[in-house]
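Undergrad:
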Amino acid sequence: MAPAKKSAAKANAEPSKHNIMSFFGSAQSQGAATGSKTGNRSQSEVKPKATLTKVTKVESDDEQGGKATPKFNWAAAKAARLAGPSNPGSKAVPPAAVSDCLAGLSFVFTGELSSFSREESIDIAKRFCGRVVGQPSSKTDYVVLGDSAGPSKLAAIKKHNLKTLSEDEFLNLIATRKGPGNGKGLTEKEKKKRDKEEKAIRDSAKEMEAREKKAVRGEGSGVARGAKTIDPKMQLWTDRYAPQTLKEVCGNKGQVEKLQQWLNDWSGSLKANFKKPGKNGMNNFRGVMITGPPGIGKTTSAHLCAKLAGFTPIELNASDARSKKLVENSTNIQNTSLDGWMGGGEQTNAAGVVITDKSCLIMDEVDGMSAGDRGGVGALAALIRKTQVPIICIANDRSAPKMKPLVNGTFGLPFRKPDAAQIRSRIMTIVFKEKMQIPANVVDELITGVGSDIRQVLNMLSTWKLHNDTMDYEEGKMLAKANEKYSVLTPFNVIQKILGPYMFSATSRDTLSDKIELYFHDYSFVPLFIQENYLKTNPSRVRDLDGPRKALKQLKLMEKASESLSDGDLVDSLIHGPEQHWTLMPTHAVLSTVRPSSFLYGPGSGYGGPNAMTFPQWLGQNSKQNKLSRALGDVQIRMRLKVSGDKSEIRLSYLPAMFPLIVKPLMEQGSSAVDDVIQEMDDYYISREDWDTVVELGLGEQKDEVVLKKIATATKTALTRKYNSRDHPIPFHKAQDLGKVPKKLPGGPAPDLEEAFDLDDAVDDADDEKKAVDPDDIKLDRLIQDASKRKAAATKGKGAAKGKK
DNA sequence: GCTCCTCGAGTTCC
DNA sequence: CTCGAGGAGC
């Protein structure tokens, strides 16, 4: 019999037990049992182990103590629920008719319920085997409608003519619905589907069993390499139940198929010299790159595909081959891939692994490669360009700048996290094979709790199996919580949470410290996100108002929020300023994040439409500013030989003055002006990159977009080509001169030219002294020096540069 | 094999 | 919102 059915039967046989398990019963026993769940989370955080034993204990106590809650007091329950967070143990749900009474039903929750928070209501629905989805569709059975539901959801309800429930009706459904077992809970079709699922689970469990027996007898192909056969019972579950066939890899079906196709086509592609793109356009590539988060079967899939296509996978881990040299040596490009392959002889790599024409190179953790030696990724890219064996690279993030050299040479196969449904059947199979009884909704809870990490679910189950063979919803929830991955909320998630409609609503169970905690997920980013997005909500606080009143109230709220933000900024400067008052962090959290949100929280701050959350523009602008400032610094250092003035003076006075000399001619005369422009540039030591900077820093009529539109592409390429084909004067530093340079303050003006450059010109020195006395004397400005002198300086620089070489 | 539908994921840094 | 994977139905 399948686990789900078993548990239903069990629950029917022991109704009282079920009731207690599902957080009904008296307030005290419940408060103890579900301590960490019911409100006041931060304080009632009990050590997981202790909590778990406690649950079991309470359960058995009550069982002995007689039947619980024979009659449900609706009015009292409601009152208790409304008492809310201050009375956390008192929320109550009526006893369900059947434990899986909501099975086969899909729910959508929208709006604010009167006494349950969003998470709680979803949890309740799941507890009774209901299916909860986010978007209403024609497949949705019920929409549980609260206050101020989203307009798009209301539209969907109307469109699909969905049944809606209030909170009380929802609870009533739980109390009365007879579930799928009896009554009309399951249609014929649904029953069939369920049976099919169960059969599939049983079949694959049988298969697994058979395979293990075979392995024990030593017939297994892979396991039997060592002299000893390993008893599967001694293995870790993660090894024991590692996927053996592609069918057992969860999710990413499409990508895996593509990979197989590519490997199967390999010899053909090789013959065609990678000119025939093939079905997916993959056959132009000599390498593929699998990317995706850890623990989703990237490596496993690569190995299985390679084996299935008849290749011998050779795995090179980044930690084995961290440097460029090692990559080249250990893969032995020339010998193995070309000669070795042509000659048909066997070659071994540095690690002593035989490489033949049927080898397939799997480079794992490519991300980690360049940690020690920058050349690692580049060498790999070079290797891929000439390889005669397929290369599969595995990395976490394809778009990382590190991966740049690889991106063009490899076909990208992004893997995604499988969702709970995809993993469920496999876990259920294992559970069944291990003769454990765990209902599907509990398994789901475990899976989502650890973020779809199959290995972790298996670890949890194997540990659990040491003491128990069954697991109910409550226990599953505890176990998941105890093993919860340190949740990595991105700033986007944080913002959505804290500016969303639920965090500050009446039914919210989140304490102040919970909210502050959100800030600490990424304390340097979250405030920026708040600042960027705090005006994009429909504040719940003005929900009930209309017209000018609403506008006025909203403005007032905005004013308060912005004031708080600005206070937060003051605190921030105390933290990050010279005094480093880190103890002010919580204050900053409240002022920059929690308080502004408390005024303006509300719906419309998630995805969808014009209200989408945006990334803080500040960051983009800031990095742009830094970049340009750096570029400007380069320009100043180069021009310094000819021009006095610090960075800002260059920016304000000299660049606009240079514009008519080196940019405008190109706009007006096109290619014919290139020679003159280059001459001007050389006179001021301006390089080709600096030219770009000059354009980029233009404003108004000199704005880069305007300017670049007016310069023909041909002109620009002519400039680049001609510039690159010539020698140019290069200002350069003499070591002893640099040694003399006084230490300058960071951000201050760069040292003046005579100190830094090889320009032992007496006249210049004299110039400088005079200039110090009378900076306004226009004749002394280097910009207005006569042309012959300029030229002399230029050639001198040139000669010096050459001499140095 | 094709089409339609459902449903969740996605955006980034001194 | 928008896209694409995956599933159901024909």
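Number 445 in the UniProt record's numbering belongs to position 445 of the first sequence; there are no gaps in the numbering. Even for Gly, the Cβ is constructed at its ideal location relative to N, Cα and C.
Secondary structure at Lys307, three-state DSSP: helix, strand or coil?
TA: Helix, per DSSP.
Undergrad: Compute the distance between the beta-carbons of Ala76 and Thr176, then report whether it is under 7 Å.
TA: no
Undergrad: Could you tell me which residues DSSP pairs with Gly645 in its beta bridges?
TA: None, per the DSSP bridge assignment.
Undergrad: With three or more beta-carbon pairs closer than 8 Å as the criterion, would you say the region 135-148 touches the region 102-110?
TA: Taking 8 Å as the limit for Cβ pairs, the verdict is that the region 102-110 does touch the region 135-148.
Undergrad: When burial is assigned at 16 or more other CB atoms within 10 Å of the CB, is Met403 buried or exposed?
TA: buried
Undergrad: Let me know the secondary structure DSSP gives Pro243 once reduced to three states.
TA: Here Pro243 sits in coil by DSSP.
Undergrad: Going by CA-CA distance only, name the one from Gln625, Leu708, Thr387 that's closest to Ser267.
TA: Thr387
Undergrad: Excluding five sequence neighbours on each side, which residues of the same chain lie with their C-beta closer than 8 Å to the C-beta of Thr164?
TA: The residues are Tyr142, Val143, Val144, Leu145, Ile157.
Undergrad: Taking the continuous beta strand (DSSP E) assigned at Asn441, which residues delimit it?
TA: Careful: Asn441 lies outside any beta strand (DSSP E), inside the alpha helix (DSSP H) at 440-449.
Undergrad: Out of Glu257, Gly633, Lys716, point me to the one whose CA is closest to Ala673's CA.
TA: Lys716
Undergrad: Determine whether the beta carbon atoms of Phe415 and Phe285 lie at a separation below 7 Å.
TA: No; because the gap between Cβ atoms is not below 7 Å, this pair is not in contact.
Undergrad: Quick check: what's the CA-CA separation for Pro539 versus Phe599?
TA: 7 Å
Undergrad: Within the continuous alpha helix (DSSP H) that includes Tyr519, where are the two ends?
TA: 512-520
Undergrad: Use the C-beta contact count for Gln30: other C-beta atoms within 10 angstroms, 16 or more gives buried, fewer gives exposed.
TA: Per-residue confidence for Gln30 stands at a pLDDT of 36, beneath the threshold of 50, marking its modelled position as unreliable; the derived number appears in the next sentence. Flag for Gln30 reads buried.
Undergrad: To the nearest angstrom, report how far apart Gly500 and Glu120 are at their CA atoms.
TA: 16 Å
Undergrad: Cα-Cα, which of Ala561, Thr713, Leu304, His160 is closest to Cys360?
TA: Leu304
Undergrad: Quick test of the definition: if touching needs 3 or more C-beta pairs under 8 Å, does the region 467-480 touch the region 502-512?
TA: no
Undergrad: Whether or not the region 451-471 and the region 418-433 are in contact is what I'm after, with contact meaning three or more pairs of Cβ atoms, one per stretch, closer than 8 Å; do they touch?
TA: yes
Undergrad: Output the distance between the C-alpha atoms of His728 and Ile498, rounded to the nearest integer angstrom.
TA: 57 Å
Undergrad: Would you report the Cα separation of Leu413 and Ser648, rounded to the nearest angstrom?
TA: 48 Å
Undergrad: I believe Met681 touches Ile662 by the beta-carbon criterion, under 8 Å. Please report the beta-carbon distance rounded to the nearest angstrom.
TA: For Met681 against Ile662, the beta-carbon gap comes to about 6 Å, under 8 Å, which counts as contact.
Undergrad: Thinking C-alpha only, which one of Ala205, Lys275, Gly254 is nearest Tyr241?
TA: Of the listed residues, the one whose Cα sits closest to Tyr241 is Ala205.
Undergrad: Just checking, does the region 700-708 make contact with the region 626-644 on the three C-beta pairs under 8 Å criterion?
TA: Touching, no, given that fewer than three Cβ pairs across the two stretches are closer than 8 Å.
Undergrad: Per DSSP, which one or two residues make a beta bridge with Ala215?
TA: BP columns for Ala215 are empty, so no partner.
Undergrad: Among Leu574, Gln496, Arg549, His588, which residue has its Cα nearest to the Cα of Gly568?
TA: His588
Undergrad: Where DSSP assigns a beta bridge to Tyr142, which residues make up the other side?
TA: When DSSP reads this structure, Tyr142 sits in a beta bridge with Phe107, Lys163.
Undergrad: Kindly list the residues whose CB is nearer than 6 Å to the CB of Arg688, restricted to its own chain and excluding five residues on each side of it in sequence; keep chain order.
TA: Closer than 6 Å at the Cβ level, and outside the excluded window around Arg688, lie Tyr723.
Undergrad: So is Gly620 buried or exposed if we call it buried at 16+ other beta carbons inside 10 Å?
TA: Its Cβ having fewer than 16 others within 10 Å, Gly620 is exposed.
Undergrad: With distances taken from CA atoms, which of Lys358, Asn459, Ala103, Gln531 is nearest Leu479?
TA: It is Asn459 whose Cα lies nearest to the Cα of Leu479.
Undergrad: In terms of DSSP beta bridges, what is Cys250 paired with?
TA: According to DSSP, which records beta bridges pairwise, Cys250 is partnered with nothing at all.
Undergrad: If I measure Cβ to Cβ from Asp522 and keep anything under 6 Å in the same chain, skipping five residues before and after, which residues do I get?
TA: Pro491
Undergrad: On the criterion of 16 or more Cβ atoms from any shown chain inside 10 Å, does Asp231 qualify as buried, or is it exposed?
TA: exposed
Undergrad: Please list the terminal residues of the continuous beta strand (DSSP E) segment that includes Phe411.
TA: For Phe411, the enclosing beta strand (DSSP E) starts and ends at 410-414.
Undergrad: Can you give the Cα-Cα distance for Met363 and Thr299, rounded to whole angstroms?
TA: 9 Å
Undergrad: Could you tell me the distance, in whole angstroms, from the CA atom of Arg630 to the CA atom of Arg651?
TA: 12 Å
Undergrad: Quick check: Val707 and Val694, are their CB atoms within less than 7 Å of each other?
TA: Contact check for Val707 against Val694 fails: the beta carbons are separated by 7 Å or more.
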